[in-house]
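Working notes, structure below.
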Ligand code: NCD
């Protein structure tokens, strides 16, 4: 059976730390890795829109000297003729050495993995999980703070449908002394199953609030998120909730000088462009880090040692 990454807990904490140190080495010595995946192929199967995740996977494989193939919308694959995800993935696994797959249905990459002869990476499944964004976030936090423990992180926005939040809460709950502050409107709270699995079961305290202002001075990291329009059942609710939080330079006046602001992107309205000039804004660095950590992950799953 190939090794799949469906959930961030498919990796141990030691493996995550190892991926971060490989990514750091890639950043420092890119030339060392440029032929590491020569003659290997990565397929990106995206049944849902993406900019960063798909292109960073492809850019990662190209920087490792490998090739890329795939599709960026279900309409251009045989899915539109009625082919099952299992058959599509079975087919692609005959042509590629590793597959990154995004799908609107929760659990689809797990189901697809049963039909694959090569490793499958979950590149986002519905409102469930997004483990490689989490690896990107962890590398960014590590680069900004020098550690992955002993800080207070505030998650702000759509904690209900935001899959990047679910995976990152899960991952950080395995590190020591991380304090969680969950900031959302009542309708968009972190799902109970994530709270149970990641926080309550491990006895990790957390605080829930609707007010970003109240908690801003306490935060070492602020993880902003977009309200996930495509997962709402009706447009009215989306319109009512979409501008619940808008981060501006004024709102940051009470924040710590060493705060790090993260966002998986795309942003819609929740961070004003003026914040980009604030040295605490780390989200464009996060975009770059996404490529390096995915390079490290591809090497690991293909068992290539440089
Ligand atoms: C996120 C996603 O797809 O879940 N984007 C990403 O992969 N960087 C966040 C989002 O779409 O809001």
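Numbering (the working numbering), first residue to last: 182 to 487.
C-beta atoms are modelled at their ideal positions from N, C-alpha and C, and glycine is treated no differently.
Rank 458, 197, 183 and 303 by C-alpha distance to the C-alpha of residue 355 and give the top, closest one. 197
Counting by C-beta, which residues lie closer than 7 Å to a heavy atom of the ligand NCD, in chain order? 231, 233, 234, 305, 311, 314, 343, 344, 345, 406, 407, 409, 445, 446 and 447
Along the chain, where does the beta strand (DSSP E) that runs through residue 249 open and close? 248 to 252
What three-state label does DSSP hand residue 242 in the structure shown? helix
So, under 8 Å CB-CB, residue 242 and residue 479 are touching, yes? Tell me the CB distance rounded to an integer number of Å. 6 Å
Under DSSP, the alpha helix (DSSP H) around residue 282 begins and ends at which residues? Careful: residue 282 lies outside any alpha helix (DSSP H), inside the beta strand (DSSP E) at 279 to 284.
Cβ atoms of residue 366 and residue 297: under 8 Å apart, would you say? no
Which full runs of the beta strand (DSSP E) of 3+ residues lie inside the stretch 350 to 386, going along the chain? 360 to 364
List, from N- to C-terminal side, the alpha helix (DSSP H) runs of 4 residues or more that fit wholly inside the stretch 281 to 333. 289 to 294 and 312 to 326
Starting from the C-beta of residue 270, find all residues in its chain whose C-beta is less than 8 Å away, skip the five residues before and the five after it, and write them out in chain order. 226, 280, 282, 293, 294, 296, 297 and 301
Cβ-based neighbour list, residue 179, same chain, cut-off 8 Å, excluding 5 preceding and 5 following: Nothing can be reported for residue 179: it is not among the residues displayed for the chain, which extend from 182 to 487.
Please name the residue, chosen from 217, 405, 308 and 448, that lies closest to residue 179 on a Cα-to-Cα basis. Limits of the chain in this structure are 182 at one end and 487 at the other, which puts residue 179 out of reach.
On the criterion of 16 or more Cβ atoms from any shown chain inside 10 Å, does residue 449 qualify as buried, or is it exposed? exposed
What's the C-alpha gap between residue 185 and residue 342? 23 Å
Using three-state DSSP, classify residue 407 as helix, strand or coil. coil
Provide the residue span of the beta strand (DSSP E) that contains residue 224, from first to last. 222 to 227
Tell me which residues share the same chain as residue 215 and place their Cβ nearer than 6 Å to its Cβ, disregarding the 5 neighbours each side in the sequence. 246
List the residues that DSSP assigns as beta-bridge partners of residue 443. 404
Closest Cα partner of residue 310 within the set 351, 228 and 336: 351
Skipping 5 residues on each side, what residues in its chain have a beta carbon closer than 6 Å to that of residue 249? 223, 239 and 242
Tell me which residue opens and which closes the alpha helix (DSSP H) that residue 471 is part of. 464 to 482
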